[in-house]
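Structure first, then comments.
Residue numbers (the numbering used here), protein chains in the order written: chain F, 32 to 561; chain Z, 32 to 561.
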């Protein structure tokens, strides 16, 4: 194991330890504790981090985009330079394999840092708008009004257990918050503190090389209920990014809403991700769907926010065969989950499902080792699903619950019950009834952030058009995405300038358009001068 | 007076009365009750309106933009056709003069309806994004990912007391929510129920002429604490627009945050609107500023959310003269306020200001009549302002509090105390220190939604670049505006489509770009085909 860990927090450019509640990460493969002892940050350290972030903000909010882009690119370079040590640490702390998973996750992490670098260099994201004046207008002259998005202030990011790199200390939330010019304080997940320390070392090097304020990025280790809560209620914090459980995200949302000055908590809290298979798709693609679905249910040991754990399968001649084939693929598979606690929680929820009348168990393995489990496959009917609220809970792990439906009317009832979800998927075939296909897609769009045709939701492409979001309880605000370049919008606000001399305007809004960005001038998009 | 009022609610296309708590509007000029007796909507009516709105949503969410535009334009036409009767009613219920105020407000109301009609016809607002697929990419094929903004569902709009038309039943919140395709339920303000009934009659005609579902727009009369609260917690409601007091907005925000499924409340809750006058501006433009400021303090009897009630004036040779001139202009002016209650609240707050040690009273009139008052002008020093939280409360009415500051350091401290505000204004002169001018603008931008140079914040231009928003407590979410075309963003959410056949995509995202809108294709803005 690495000998470079200090077990501390990174505050205002310094590594410092504390005497708070001690904890160690656990290798879920072996159940052994990793050697470094970490401690929760104390209240003084939390306050110091918030104060430092606020001070840094006065500089970072007006950084030229080239400097922010350089930082994001340098962080990516340093994360890559952290090499095997980082990958090994992440693997030891998460049970996820280095190859291909963590290699791929690192590539995604660096890719999204570079995507945000490109976004801020290009600059169009600020949604610059200019309405030109008309001094001759009656009864009142029309003023010169211009607006663009600007940074909001210190942001707290809770890193997620299930993607120690891509949704970790320097994952998508952090990349998007930094890209907008906001200082970020990470509340490190207690399952992978060593990974967070190594990532933070990489960011530290990047900040030094780019000659930027060290408190642009800070790391506090500790639990959500103490360190996390204290950060969310600190008056210097202006927004929160979170990926995790519904109970955790809701607790932070509630804390932030009760502040004297409420702030937004952008919480992505997982979801049911219904996947519909229409009759002709089942009949004509039985084997193909069985294979794809078994893969999507178990990818990353089923620990994806987008795992399609709820399967609405039309009742047709091939449905039994489909279920049998999925069951055959799942039976006997072994998985190591992220933590013993996540494994225990997962198994207990699915085992509870299995006790409900009219729930048929196709595959139900035993626990094994420190964090080991297998894949579950259950089945029930429409009526049981509609009348059993317990079945509408997310089981975070490698499981699938199939609900067999007979009519499009039943499918509509099922959709109505799924309140808000990150994704909804429809498998259909050219031979399926086109009216029914269209109706299913229409209902899917009303409950989901992303609608998928004939595929699987588990891959969340990091791009401009991605929406990783959706109505509550998928997220705390359906107006935003936490993946893709649109994620930057969460950490910015529009600021408007009226009748300012050109020299006092931000560059984004000056007459000669020095950043050469697309601007909405008198309602028309243009890259020309105003 | 009009004889056309039924005193009822407009629910699912029908006018219906109720037996709830009776109320009548009061003519603030005379103190007399207007003849029509209204009643608060009962719980069944509230539920019926929410249910009707939800049913309407399945149709309105997919309306072609031309139909929505036609509706918005027809509403404007019908509001104009309501003619003098509407203007007279609004004047009787608000004390605001027909000419020029309500004539101007009606023009603004119809203007913003037509602006949103133009916006949805043009269609660019949906922020369409397309990332094209790459089946050959390794290790995984790149999917086809497309997203655009869509309607969210039934929206409740609380109309504001101070602009019975422009922020009323068919004001900016309603126009933007309808434009996005959302059914709207109005919680009518109890100060002008007759105005709301007449506006709703106009909308009813427009809905009929456009052959659209009647429950696209509904009106419920009654109090905020009963009818308003019940609407905000109804599970069918997906967002709330509000303009009013901090206490009222915060109460609704808190209710919505406590829902099992929290929804956004976009509350604009007024603000202090600091106006800074730098030394050379005072010296070189004394009379001009005195005149402008006296006008801005008293426009609409001071009942603008953007009234610059807090004036940070540099201490220089001309400051005494400036204050004297403002005082002379304010002294003896008489105003009729919107309601006796608003008048009483205003007078009691300002009179409390006057009791604070080191607060100097320049002008302090007596109450008169049912809702009559005069303009107040008070002055204090930096230390008193910084140490008197009571002085940081908004006094909604024709008053100004001048804080005289000696140094740029003092000004910085004053800015730091003003937490979040709709506007911040700087009066400066070419002879002012350029570093100090830039510092003032930088601080202004950090606390305000709109920053104004050498002008007054009271005119809120309805245009593309306007931001009527700002950090809490100016609004409940600084990421949005409630005036201008950007206001539509509050009532929409991005929906993403992955690998859908072209025929199943919304028109906004189809290959041939049938709506000819600007789209972000692979990160580049284009109006061409994808």
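Ideal Cβ placement from N, Cα and C applies to all residues, glycine included.
Here the structure is a predicted model, which means the values were calculated and not measured.
Item: Positions along the segment 498-518 of chain Z whose CB lies within less than 9 Å of some CB in chain F; Value: 498, 499, 500, 501, 502, 503, 504, 507, 508, 509, 510, 511, 512, 515, 516 and 517
Item: Inter-residue spacing [alpha-carbon to alpha-carbon] between residue 336 of chain F and residue 454 of chain F; Value: 9 Å
Item: Cα-Cα separation, residue 271 of chain F to residue 42 of chain F; Value: 18 Å
Item: Residue 39 of chain Z - DSSP class collapsed to helix/strand/coil; Value: coil
Item: Rounded C-alpha distance that separates residue 142 of chain F from residue 246 of chain F; Value: 24 Å
Item: Closest residue to residue 16 of chain Z among Z:49, Z:57 and Z:85 (Cα-Cα distance); Value: Since the first and last residues shown for chain Z are 32 and 561, residue 16 of chain Z lies out of range.
Item: Residue 523 of chain Z to residue 211 of chain Z span [Cα, whole Å]; Value: 6 Å
Item: Members of the segment 205-217 of chain F near chain Z, C-beta cut-off 8 Å; Value: none
Item: Same chain only: Cβ atoms within 8 Å of residue 553 of chain F, ignoring 5 sequence neighbours per side; Value: 161, 162 and 163
Item: Residue 441 of chain F - DSSP class collapsed to helix/strand/coil; Value: helix
Item: Short CB-CB distance (under 8 Å) between residue 292 of chain Z and chain F; Value: yes
Item: Residues that residue 161 of chain Z contacts on chain F, provided the C-beta gap is smaller than 7 Å; Value: 496
Item: CA nearest to the CA of residue 384 of chain F, picked from F:356, F:420, F:402 and F:413; Value: F:420
Item: Inter-stretch contact (C-beta, 8 Å, three-pair minimum) for the segment 88-107 of chain Z and the segment 175-186 of chain Z; Value: yes
Item: Residue 551 of chain F versus residue 517 of chain Z: straight-line alpha-carbon distance, rounded; Value: 11 Å
Item: Burial state of residue 68 of chain Z (16 or more Cβ within 10 Å); Value: exposed
Item: Nonlocal neighbours in the same chain, by C-beta distance under 7 Å from residue 334 of chain Z, ignoring five residues either side; Value: 193, 368, 369, 427 and 428
Item: CB of residue 510 of chain Z within 8 Å of CB of residue 478 of chain Z, strictly; Value: no
Item: Residue 199 of chain Z to residue 490 of chain F span [Cα, whole Å]; Value: 46 Å
Item: Secondary structure of residue 96 of chain Z, DSSP reduced to three states; Value: helix
Item: Length of the line joining the Cα atoms of residue 32 of chain Z and residue 144 of chain Z; Value: Any answer about residue 32 of chain Z is weak, because its pLDDT of 46 lies below 50 and its placement is not dependable; what the coordinates show is given next. Going from the Cα of residue 32 of chain Z to the Cα of residue 144 of chain Z covers about 27 Å.
Item: Test item: CB-CB of residue 505 of chain Z and residue 302 of chain Z under 8 Å; Value: yes
Item: Local conformation of residue 194 of chain F per DSSP, three classes; Value: coil
Item: Minimum Cβ-Cβ distance from residue 246 of chain Z to chain F less than 8 Å; Value: no
Item: Validate contact between the segment 352-362 of chain Z and the segment 315-323 of chain Z using beta carbons, cut 8 Å, 3 pairs; Value: yes
Item: Cβ pair count under 8 Å reaching 3, the segment 109-129 of chain Z against the segment 53-61 of chain Z; Value: yes
Item: Where residue 181 of chain F falls: helix, strand or coil (DSSP); Value: strand
Item: Extent of the continuous alpha helix (DSSP H) to which residue 74 of chain Z belongs; Value: 74-91
Item: Beta carbon proximity, residue 547 of chain Z to chain F, threshold 8 Å; Value: no
Item: Under 8 Å between C-beta atoms of residue 28 of chain F and residue 80 of chain F; Value: Because chain F is modelled from 32 through 561, residue 28 of chain F falls outside the range shown and cannot be assessed.
Item: Three-state secondary structure assigned by DSSP to residue 367 of chain Z; Value: strand
Item: Straight-line Cα distance separating residue 280 of chain F from residue 135 of chain F; Value: 27 Å
Item: Contacts of residue 284 of chain Z in chain F (Cβ-Cβ under 8 Å); Value: 288 and 293
Item: Cβ distance (whole Å) where residue 639 of chain F is taken to contact residue 226 of chain F below 8 Å; Value: Given that chain F is displayed from residue 32 to residue 561, the structure contains no residue 639 of chain F and the question cannot be resolved.
Item: For residue 328 of chain Z, the first and last residue of its enclosing beta strand (DSSP E); Value: Taken as a continuous stretch (DSSP letters only), residue 328 of chain Z belongs to no beta strand (DSSP E), being part of the alpha helix (DSSP H) at 317-329.
Item: In DSSP terms, what residue 435 of chain F is bridged to; Value: F:344 and F:412
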